[in-house]
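Notes follow once the structure below has been shown.
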Amino acid sequence: MAQDKSERKNEFKTTVDGLPVKRVYLSEDGSGDGSLPGEYPFTRHIMANGYRGRLWTMRLYAGFATVEETNRRYKYLYQQGTTGFSVAFHLPTQEGYDSDHPLSEGEVGKTGVAIDSLQDMEQLWEGIPLGEVSTSMTVNATASIILAMYIAAAEKQGVDRKQLRGTVQNDILKEYIARNTYIFGPKPSMRLVTDVCQFCAEELPEWNSISISGYHIREAGATAIQEAAFTMANGMAYVQAMLDRGMQIDSFAPRFSFFFAANTNLIEEVAKFRALRRIWAKIVKERFHSTNPRSMMLRYHVQTDGFTLTAQQPLNNIVRVTLQALAAVLGGGQSLHTNSYDEALALPTEQAVQVALRTQQIIAEESGVADTVDPLGGSYYLENLTNQIEEGVWKYIKKIDDMGGALEAIRLGYVQGEISRSAYNYQRAVEKSEQTVVGVNKYAVKEEEPPTLLEVDASVGQRQIERLKKLRQSRDNQQVKLALEKVKKVAATDENLMPALIEAVKAYATVGEISGALREVFGEYREPSIL
Amino acid sequence: MTSKNKVIRVLIAKPGLDGHDRGAKVVARGLKDAGMEVIYLGLRLTPEQIAEAAVQEDVDVIGLSSLSGAHMALFPKVVDLIRAKGGKQTLVIVGGIIPQKDIPALKKGGISEVFGPGTPIAEISKYIQTHLQEVKA
Chain R
1194 MAQDKSERKN EFKTTVDGLP VKRVYLSEDG SGDGSLPGEY PFTRHIMANG YRGRLWTMRL
1254 YAGFATVEET NRRYKYLYQQ GTTGFSVAFH LPTQEGYDSD HPLSEGEVGK TGVAIDSLQD
1314 MEQLWEGIPL GEVSTSMTVN ATASIILAMY IAAAEKQGVD RKQLRGTVQN DILKEYIARN
1374 TYIFGPKPSM RLVTDVCQFC AEELPEWNSI SISGYHIREA GATAIQEAAF TMANGMAYVQ
1434 AMLDRGMQID SFAPRFSFFF AANTNLIEEV AKFRALRRIW AKIVKERFHS TNPRSMMLRY
1494 HVQTDGFTLT AQQPLNNIVR VTLQALAAVL GGGQSLHTNS YDEALALPTE QAVQVALRTQ
1554 QIIAEESGVA DTVDPLGGSY YLENLTNQIE EGVWKYIKKI DDMGGALEAI RLGYVQGEIS
1614 RSAYNYQRAV EKSEQTVVGV NKYAVKEEEP PTLLEVDASV GQRQIERLKK LRQSRDNQQV
1674 KLALEKVKKV AATDENLMPA LIEAVKAYAT VGEISGALRE VFGEYREPSI L
Chain G
4 MTSKNKVIRV LIAKPGLDGH DRGAKVVARG LKDAGMEVIY LGLRLTPEQI AEAAVQEDVD
64 VIGLSSLSGA HMALFPKVVD LIRAKGGKQT LVIVGGIIPQ KDIPALKKGG ISEVFGPGTP
124 IAEISKYIQT HLQEVKA
């Protein structure tokens, strides 16, 4: 038997990027860069003691219906042991419309919580001390407005803004590439992004001013290498935009954070995270001449890959999420969201969310993988893949550099085209059964949908619209008008918009009204359709 | 009656504010590869805009996608508007995150078929080929 060299496949490749996989890896195939955890280029971990000091933040993305329901869900999650909040906003809030706008029809409270005004934001955090928690907010085109509301809500609780801990996604470039919740064109959008980053650098020392996201790029179809490369390219574009404003690299880079996906292909994903840490450190040090190691550290949130969830045999998703979460932890992430098994069918139920959270707790407290730093480091295969992924990423970065950087590559449709091609290739591979999806193209059974799914009923939209109507009657509309005029005036200059936005939200101007004021000055963006 | 040789014209669009366009784009490309003429209208569209384009472009099939949960409010509206505009009989098929229990109401609202996550494009293409005849009849 030991001599039997017959194999069950003609060739073995990593499932995502199709890198060739050898029968066995030896010391000459892969070695690390010799750095220790906590040492540049941070391949093994950004901290010397990894998770032995502090575990990752267990942060579940949640938000639906109105602020009452979401506030209840947050309190439930907190009680169950989550260590940070992560707000899902409904699409109208993310795209700058109020709940009563015609385009909001059918969307109110669906993909997240409906936030129209500071009043909603105050109630969202009712009974939750904002000075003590860490909050991540997935919002981009309207990030500046929502951050202004969060600051105002905290100040109403008596919390100094300097104490606030959390993250605002504020990454507009990947919206053009993949996630599609942009409002304005690239130029005014980059100005808003950098307004937020500068404001945070000066006023919110504990706040991550941006979360440069590969997650959505991956979800849209990118491979692991593409996810890593396009995110790095976007990161460089943001750094450059901040430098162009006259900021010093080490005044803002320590508060830049990232967000990636974790796929089921465990070793390839661990390699991706290690390669990413090494690449970002090199970029910040060598290209942007940082001298502060904190600027060079790639700190990131991970979410398990939603696209891999199947509607078929949904309980199998628990296993997928476990492998993906394990990849995230073995990869050394700072924060993790685990998807719920029913999310290919609907928003998750409380029970499904609990399983998702328990998955992280089991990995943290039962598996032992968090007890030593970078436990897979030194594996010939892992080191080999880490090097291969790094090489692939640099190739893309070079290509994008040659085009003139990420903004230009996006304008040309290059990045979008690459992702679309990968998405289509994957679909064809699944249809030809070259790529197995258990329960879908192999081991399929006839089944019924599980009976309990979370539903957001249509009355939510009505309730929210009523509430908005009442607000518009009870607030000082003259003050709102003046505040919106001021927003427009500042928008037309180079001045940082944040103070005017904070003033406007404190006057209870709504997301739609403020976005409307900005639309008047900035205009709107319409995407080129790239198949 | 469509003759066997006439190329099937398909409009793919995303109504509402949902930005998840991976599925819509992959289906658009797949149907194109299957020999159909596909117009991808893009995202953030009102039912009015989609119906208008469908009538103007004289398409045989409309494919709608939504993953945000707005399907009940938006999909049947597209069908109603096409009828109101006096457009020809069109096959309207949809996809996205659509709970099983919403399907009967969608079908009552004029949606021909719902294709959930994991559907092979070949299945959608085959469905179109066989059901277009029925719609015309």
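Those protein sequence lines, which keep their order, are chains R and G.
Take any residue in the first sequence, count from 1 to its spot, add 1193: that is its number in my numbering.
Take any residue in the second sequence, count from 1 to its spot, add 3: that is its number in my numbering.
All C-beta atoms in this analysis are idealised placements derived from N, C-alpha and C, irrespective of residue type, glycine included.
In this text the structure is predicted, and so the values were computed from the model without any measurement.
Inter-residue spacing [alpha-carbon to alpha-carbon] between residue i and residue j
i: Asp1437(R); j: Met39(G); result: 48 Å
i: Glu1261(R); j: Ile1511(R); result: 29 Å
i: Asn1363(R); j: Ile1603(R); result: 17 Å
i: Val1548(R); j: Gly1243(R); result: 25 Å
i: Ala1371(R); j: Ala1446(R); result: 24 Å
i: Gly1351(R); j: Ala1710(R); result: 29 Å
i: Tyr1408(R); j: Gly1414(R); result: 10 Å
i: Leu109(G); j: Ala1504(R); result: 19 Å
i: Glu1315(R); j: Trp1400(R); result: 19 Å
i: Gly1610(R); j: Ala1417(R); result: 16 Å
i: Ala1255(R); j: Thr1263(R); result: 7 Å
i: Arg1656(R); j: Ile1590(R); result: 48 Å
i: Met1429(R); j: Ala1241(R); result: 26 Å
i: Ile1365(R); j: Ser1382(R); result: 7 Å
i: Met1489(R); j: Tyr1233(R); result: 8 Å
i: Gly72(G); j: Ile1707(R); result: 26 Å
i: Asn1373(R); j: Ser1220(R); result: 45 Å
i: Arg1712(R); j: Pro1379(R); result: 13 Å
i: Leu20(G); j: Leu1296(R); result: 7 Å
i: His23(G); j: Asp1197(R); result: 48 Å
i: Val1714(R); j: Thr1387(R); result: 17 Å
Per-residue burial, residue i [other beta carbons within 10 Å of its own, 16 or more giving buried]
i: Arg1201(R); result: exposed
i: Asp1293(R); result: buried
i: Phe1257(R); result: buried
i: Phe1452(R); result: buried
i: Arg1216(R); result: exposed
i: Ser6(G); result: Confidence in Ser6(G) is poor, its pLDDT being 49 and thus under 50, which makes the residue's placement unreliable; the coordinate value appears in the next sentence. By the neighbour-count rule (16 or more Cβ atoms within 10 Å), Ser6(G) is not buried but exposed.
i: Gln136(G); result: exposed
i: Phe1205(R); result: exposed
i: Ser1199(R); result: exposed
i: Met4(G); result: Note on Met4(G): pLDDT 43, under 50, position unreliable in the model; no value is reported.
i: Ala1455(R); result: buried
i: Ala16(G); result: buried
i: Ser1404(R); result: buried
i: Gly1246(R); result: exposed
i: Asp1353(R); result: exposed
i: Lys1465(R); result: buried
i: Thr1304(R); result: buried
Nearest-angstrom beta carbon gap, residue j and residue i [assumed within contact, 8 Å]
i: Ile42(G); j: Leu14(G); result: 5 Å
i: Thr1331(R); j: Gln1527(R); result: Between Gln1527(R) and Thr1331(R) the Cβ distance is about 16 Å, and since that is not below 8 Å, they are no contact.
i: Ala1616(R); j: Lys9(G); result: With a Cβ gap of about 30 Å, Ala1616(R) and Lys9(G) do not count as contacting.
i: Val62(G); j: Thr93(G); result: 6 Å
i: Ile65(G); j: Val95(G); result: 5 Å
i: Gly1705(R); j: Tyr1290(R); result: 5 Å
i: Lys80(G); j: Pro50(G); result: 4 Å
i: Arg1162(R); j: Leu1529(R); result: Outside the displayed span of chain R (1194 to 1724) sits residue 1162(R), for which this structure offers no information.
i: Ile1612(R); j: Ile1410(R); result: 6 Å
i: Pro1721(R); j: Gly1606(R); result: 6 Å
i: Pro102(G); j: Leu1646(R); result: 6 Å
i: Gly1359(R); j: Thr1328(R); result: 4 Å
Cβ pair residue i, residue j closer than 9 Å
i: Ser1450(R); j: Tyr1493(R); result: yes
i: Trp1473(R); j: Leu1491(R); result: yes
i: Gly113(G); j: Asp83(G); result: yes
i: Leu1340(R); j: Val1389(R); result: yes
i: Ser1572(R); j: Gly1223(R); result: yes
i: His74(G); j: Gly1524(R); result: no
i: Val1680(R); j: Ser1310(R); result: no
i: Ala1700(R); j: Val1673(R); result: yes
i: Ser69(G); j: Val97(G); result: yes
i: Arg1237(R); j: Asp1595(R); result: no
i: Glu1462(R); j: Gln1517(R); result: yes
i: Thr1515(R); j: Thr1552(R); result: yes
i: Gln1391(R); j: Met1425(R); result: no
i: Leu1694(R); j: Ser1337(R); result: yes
i: Phe1500(R); j: Arg25(G); result: yes
Proximity test, Cβ basis, 9 Å: residue i and chain B
i: Ala1616(R); result: Protein chains R and G are contained in the structure displayed, whereas chain B is not.
Can you list the alpha helix (DSSP H) stretches of 4 or more residues lying completely in the segment 1506-1587 of chain R, in chain order?
1509-1524, 1543-1558
Counting only runs of 3+ residues fully inside the segment 1600-1679 of chain R, write out the beta strand (DSSP E) ranges in chain order.
none
Mind pulling the alpha helix (DSSP H) runs of 4 or more residues that sit fully within the segment 1268-1315 of chain R?
1284-1288
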